[in-house]
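Notes to accompany the following structure.
There are 2 protein chains.
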Amino acid sequence: MVRGEGVPTRERIRSAASTLFRERGYARSSVRDIAALAEADAALVIRHFGSKELLFLETMQPSLDDEPLLAVPLEQLGRRFVEVVLADADEFSDVYLALVRGSGEPSIAGRLRTVHEETFVRPLLARLPGQGGELRARLAAALIGGLLYSLWVVGDEYLLAADRHEVVERYGSLLQDILTPAA
Amino acid sequence: MVRGEGVPTRERIRSAASTLFRERGYARSSVRDIAALAEADAALVIRHFGSKELLFLETMQPSLDDEPLLAVPLEQLGRRFVEVVLADADEFSDVYLALVRGSGEPSIAGRLRTVHEETFVRPLLARLPGQGGELRARLAAALIGGLLYSLWVVGDEYLLAADRHEVVERYGSLLQDILTPAA
DNA sequence: GTCTATAGATTGATAGAC
DNA sequence: GTCTATCAATCTATAGAC
Chain G
3 MVRGEGVPTR ERIRSAASTL FRERGYARSS VRDIAALAEA DAALVIRHFG SKELLFLETM
63 QPSLDDEPLL AVPLEQLGRR FVEVVLADAD EFSDVYLALV RGSGEPSIAG RLRTVHEETF
123 VRPLLARLPG QGGELRARLA AALIGGLLYS LWVVGDEYLL AADRHEVVER YGSLLQDILT
183 PAA
Chain U
3 MVRGEGVPTR ERIRSAASTL FRERGYARSS VRDIAALAEA DAALVIRHFG SKELLFLETM
63 QPSLDDEPLL AVPLEQLGRR FVEVVLADAD EFSDVYLALV RGSGEPSIAG RLRTVHEETF
123 VRPLLARLPG QGGELRARLA AALIGGLLYS LWVVGDEYLL AADRHEVVER YGSLLQDILT
183 PAA
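Pasting the structure below:
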């Protein structure tokens with residue numbers, strides 16, 4: 003690592019924005035703060051990305067690796083989904099939290115809706131064809147959201163400290179119940 | 003209704019703050035906006051309530067009428083809880099949404115935690131004594147939160163338009179499953 | 001209790017030299 | 001591409017007259 007070398011300003015700004023938005027959220031991160039962290043000029047932030055809002059939308063794009071989800075038999079999808087969500091939590095939770103907390107801003111609310119749709123609803127819906135599938139998929143997505151909400155938005159310390167395998171087992175089996183009802 | 007009569011300024015400010023915080027959230031509601039809606043002076047807002055933050059905390063105190071929850075047999079608590087949450091949604095959802103969206107602010111995050119604890123976890127925990135009760139109560143609270151999250155934060159239009167009785171039946175029976183497991 | 005006036009800081013964004 | 005300088009608006013909060 004040589005000082006003055008390498009990373010283009012635009013990338014340094016992107017990286018700094020990603021860090022700050024995840025740590026403090028949209029409202030509490032100023033363009034000046036981002037510029038300072040990137041060791042760049044505040045004017046360049048706007049110059050490169052148009053506005054603070056566009057910069058937020060460009061950097062806050064959470065994605066789950068849902069490849070493993072599609073590969074597993076339907077009877078195991080419940081536990082598997084919870085497992086994947088918790089496993090990717092480090093990459094996923096901060097960004098997701100920023101979207102939830104920023105969702106007072108209409109454009110951010112739209113992004114949250116899209117992410118919820120694409121990440122939670124769509125993969126489930128694909129596995130639940132036929133009558134009643136959509137309601138079950140959306141209630142299942144609500145259930146997933148509830149776990150993230152409890153862990154990352156509320157910050158339930160008991161759950162955060164709980165044995166992960168037990169949470170996967172318990173909550174995953176609930177999820178399984180709505181995907182493939184016993185009765 | 004006679005102009006110039008009646009309602010004290012302090013109450014007009016409180017009412018205006020409640021309206022604006024619920025409609026726009028914490029970050030997007032300014033002291034000036036609140037004063038304007040209350041037809042009062044901006045300085046009086048601070049004078050009466052100390053700060054914008056204290057005004058928010060004083061006005062945003064959601065409460066569920068959990069009387070019906072205590073009266074019902076444990077075997078019916080799942081559906082009943084979902085029923086109550088959805089029935090009180092008009093009073094409850096806006097305030098809860100404001101807390102979630104404002105939870106980037108540490109003091110608001112604390113309030114959200116308290117409300118989650120008192121409103122969701124405590125009533126369930128009271129009904130689930132004995133070993134493993136706390137984990138079940140907290141996972142159940144997560145499940146409840148997930149429904150509110152899907153409906154009010156994400157705004158899942160399919161669920162919002164769905165038959166309420168069916169949602170109560172389906173989601174309530176999931177909740178029941180974690181309160182009183184079949185196996 | 002209520003108001004005017006304003007402090008004092010911070011905000012997002014732009015113009016224009018280099 | 002990068003910078004200085006700054007605009008113009010907004011913000012919370014306070015001081016002090018009435």
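Line by line, the protein sequences give chains G and U. Residues are numbered in our numbering as their position in the first sequence, beginning at 1, plus a constant of 2. Residues are numbered in our numbering as their position in the second sequence, beginning at 1, plus a constant of 2. Using N, Cα and C, we set each Cβ at its ideal position, and we do this for glycine too.
Anyone know if the C-beta pair for residue i and residue j falls short of 7 Å?
i	j	result
Met62 (chain U)	Ala91 (chain U)	no
Gly174 (chain G)	Val86 (chain G)	no
Leu39 (chain G)	Ser31 (chain G)	no
Ala44 (chain U)	Ile15 (chain U)	no
Leu145 (chain G)	Leu181 (chain G)	no
Ala29 (chain U)	Ala19 (chain G)	no
Asp27 (chain U)	Arg103 (chain U)	Looking at the sequence itself, residue 27 (chain U) is Gly, so the reference to Asp does not match. Yes, the pair counts as a contact, with Cβ atoms nearer than the cut-off.
Leu141 (chain G)	Arg172 (chain U)	yes
Lys54 (chain U)	Val33 (chain U)	yes
Ala143 (chain G)	Val123 (chain G)	yes
Tyr151 (chain G)	Tyr151 (chain U)	yes
Pro125 (chain U)	Leu71 (chain U)	yes
In chain U, which residues lie less than 8 Å from residue i when you measure between Cβ atoms?
i	result
Arg114 (chain G)	The amino acid occupying residue 114 (chain G) in the given sequence is Leu; Arg does not appear at that position. The answer, in chain order, is Val155, Val156.
Glu136 (chain G)	Tyr160
Glu180 (chain G)	Note that residue 180 (chain G) is Ile in the sequence shown, not Glu. Under the 8 Å cutoff, chain U gives Arg172, Leu176.
Leu22 (chain G)	Residues of chain U passing the Cβ test: none, with the nearest at roughly 12 Å.
For residue i and chain G, any beta-carbon pair shorter than 7 Å?
i	result
Arg172 (chain U)	yes
Ser95 (chain U)	no
Arg14 (chain U)	no
Ser65 (chain U)	no
Gly147 (chain U)	yes
Gly132 (chain U)	no
In chain U, which residues lie less than 9 Å from residue i when you measure between Cβ atoms?
i	result
Ala18 (chain G)	Ordered by position in chain U, no residue passes the 9 Å Cβ test against Ala18 (chain G), which lies about 18 Å from the chain.
Which same chain residues end up closer than 8 Å to residue i when comparing Cβ atoms and leaving out the 5 residues on each side of it in sequence?
i	result
Gly6 (chain G)	Unreliable placement is indicated for Gly6 (chain G), whose pLDDT of 45 sits below 50; no coordinate value is reported for it.
Pro64 (chain U)	Glu93, Phe94, Val97, Tyr98, Leu101, Val117, Thr121
Asp67 (chain U)	Val86, Asp90
Arg166 (chain U)	Leu88
Ser109 (chain U)	Glu55, Leu59
Glu13 (chain G)	none
Using a Cβ cut-off of 7 Å (strictly closer), state whether residue i contacts chain U.
i	result
Ala144 (chain G)	yes
Ser109 (chain G)	no
Arg30 (chain G)	yes
Leu39 (chain G)	no
Leaving out the 5 sequence neighbours to the left and right, which residues in its chain are closer than 6 Å to residue i when beta-carbon positions are compared?
i	result
Phe51 (chain G)	Leu57
Gly8 (chain G)	none
Starting from the beta carbon of residue i, find every residue of chain U whose beta carbon is closer than 7 Å, and list them in chain order.
i	result
His118 (chain G)	Val156
Leu141 (chain G)	Arg172, Tyr173
So residue i contacts chain G; which residues on that side make the cut at Cβ distance below 9 Å?
i	result
Tyr98 (chain U)	Residues of chain G passing the Cβ test: none, with the nearest at roughly 11 Å.
Near residue i, what residues of its chain come up, given a Cβ to Cβ distance below 7 Å and the 5 sequence neighbours on each side ignored?
i	result
Arg129 (chain G)	Leu76, Leu79
Met3 (chain G)	With a pLDDT of 38 at Met3 (chain G), under the threshold of 50, the modelled position of this residue cannot be trusted; read the value that follows with caution. Closer than 7 Å at Cβ, skipping near neighbours: no residue.
Leu127 (chain U)	Gly135, Glu136, Ala139
Pro10 (chain G)	none
Ile36 (chain G)	Ile15, Ala18, Ala19, Leu22, Val47
Gly106 (chain G)	none
Find the residues of chain G that neighbour residue i, judging by a C-beta separation of less than 8 Å, and give them in chain order.
i	result
Ser53 (chain U)	Result: empty, since nearest Cβ-Cβ is about 16 Å, beyond 8 Å.
Arg26 (chain U)	Gly106
Determine the chain G residues that contact residue i at a beta-carbon separation under 7 Å, and present them in chain order.
i	result
Arg82 (chain U)	Those do not exist, as Arg82 (chain U) stays about 18 Å from chain G at its closest Cβ, beyond 7 Å.
Val102 (chain U)	Val102, Val155
Ala164 (chain U)	Leu137
**OP:** Could you tell me whether the stretch 144–161 of chain U touches the stretch 108–117 of chain G, using the rule of 3 or more Cβ pairs below 8 Å?
**Re:** yes
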